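Peer 1: Here the sequence shown stands for residues 6 to 236, numbered as in the working numbering.
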Amino acid sequence: MVENGAEMYRVEDTMNRIADNYYQEEGISFVTQTIVLMGLESTKSIQMKRISERTTNLGKVSKVNDLSWQFSSKQIDLQELSKALKVVLKEEPPKKTVVKIICAAILSAALMILLGGQWNNFFATFLVGAGGYSVYMISTTYLKLKYVDEFLASFVIGVLAFLMIQLKIGTSIDNMIIGSIMPLVPGVAITNTVRDLQEGHMLSGISRGVEALIIAMMIGAGIAVAFNAMS
């Protein structure tokens, strides 16, 4: 759940619920973005799991949450829960890069309209969004430099938006840029930050918030550099 973008309090609640229903005693857990600690109230031993990779796949989070509720309501036993969790763990998101780029391009153009843009910028935003997300995918695949991926993608978005104006394909550079950066914005991280802080998870909430803030700053920096380069 941590690897796929769940809130920290949800992860702790899920582990504690499983412990309570199987061992009939309170579980003691501590979860951050990089470490998961779990033990039982009656024992001194604690198991730790380090989280090295994180992504966003709310489908997996939802499935694990559903399985934990089924276990809590005695619909499945521990062995069935374990097998089901292993199946969810092995599930992989679609790896077709072209499909992801097309989806990001459609999302960029659609959000541009929803945020008040004009239909005559729809096709231009589609192209800019596709180009920016293509660079993001290439960077995350080969460079694997956190935060630099968003910077490069936003820089390309800014450059392409200027080119669309020069080529008379688009009319509003602001609308094109706003729509195209939306697939890069860490919306899930920002939402989880607020929810963790509301639940009292100050450490994970602040750390996740800082991470989201850095990503937002890198996106803005990429656009700013593109503006300076093209103006």
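Glycine included, C-beta positions come from ideal geometry on N, C-alpha and C. It should be emphasised that the depicted structure is a prediction, and the values quoted were computed from it without experimental measurement.
Go to Q29, then tell me how far its alpha helix (DSSP H) extends in each direction, as first and last residue.
Peer 2: Element bounds for Q29: n/a, residue is neither H nor E.
Peer 1: Roughly how many angstroms lie between the CA atoms of E5 and P191, to the nearest whole one?
Peer 2: The structure shown does not extend to residue 5, since the chain spans only 6 to 236, so no value can be given for it.
Peer 1: Report the CB separation of I186 from S159 in whole angstroms; it is logged as a contact under 8 Å.
Peer 2: Correct: roughly 6 Å between the Cβ atoms.
Peer 1: Three or more C-beta pairs closer than 8 Å, one from the region 207-217 and one from the region 123-141: is that the case here?
Peer 2: Touching, no, given that fewer than three Cβ pairs across the two stretches are closer than 8 Å.
Peer 1: In angstroms, rounded to a whole number, what distance separates the CA positions of M13 and G44?
Peer 2: Computed Cα separation, rounded: 16 Å.
Peer 1: Within 10 angstroms of its Cβ, does Y28 collect 16 or more other Cβ (buried), or is it exposed?
Peer 2: Looking at its Cβ environment, which holds fewer than 16 other Cβ atoms inside 10 Å, Y28 is exposed.
Peer 1: When the Cβ atoms of the region 213-232 are set against those of the region 157-171, are three or more pairs found closer than 8 Å?
Peer 2: Touching, yes.
Peer 1: Which residue comes first and which comes last in the alpha helix (DSSP H) that contains L165?
Peer 2: First-last of the alpha helix (DSSP H) with L165: V153 to Q171.
Peer 1: Distance, Cα to Cα, S87 vs R22?
Peer 2: Rounded to the nearest angstrom, the two C-alpha atoms are 15 Å apart.
Peer 1: In this structure, does DSSP put Q52 in helix, strand or coil?
Peer 2: In this structure, Q52 counts as strand in the three-state DSSP scheme.
Peer 1: Between I143 and the rest of its own chain, which residues show a CB-CB distance below 8 Å, the 5 nearest in sequence each way excluded?
Peer 2: Within the same chain, I143 has no close Cβ partners at all.
Peer 1: Using 8 Å as the cut-off, can you tell me whether the region 122-129 makes contact with the region 174-184, which would need three or more C-beta pairs spanning the two stretches below that distance?
Peer 2: In short, these stretches touch, since the Cβ pair count reaches three.
Peer 1: Within a Cβ cutoff of 8 Å, which residues of the same chain sit near I81, ignoring the five residues on either side of it in sequence?
Peer 2: For I81, where only same-chain residues beyond five positions count, the Cβ hits under 8 Å are L72, Q75 and A89.
Peer 1: State the DSSP-derived secondary structure class of L218, mapped to helix, strand or coil.
Peer 2: Residue state, collapsed to three classes: helix.
Peer 1: Do L189 and Y141 have their beta-carbon atoms positioned less than 8 Å apart in this structure?
Peer 2: Taking 8 Å as the Cβ cut-off, Y141 and L189 qualify as a contacting pair.
Peer 1: Considering only residues of the same chain and omitting the five flanking positions on each side of S17, which have a CB-CB separation below 6 Å?
Peer 2: Checking the sequence, you will find Glu at residue 17 rather than Ser. Hits under 6 Å: S34 and V36.
Peer 1: Within 10 angstroms of the Cβ of K54, are there 16 or more other Cβ atoms? Answer buried if so, exposed if not.
Peer 2: Burial call: exposed.
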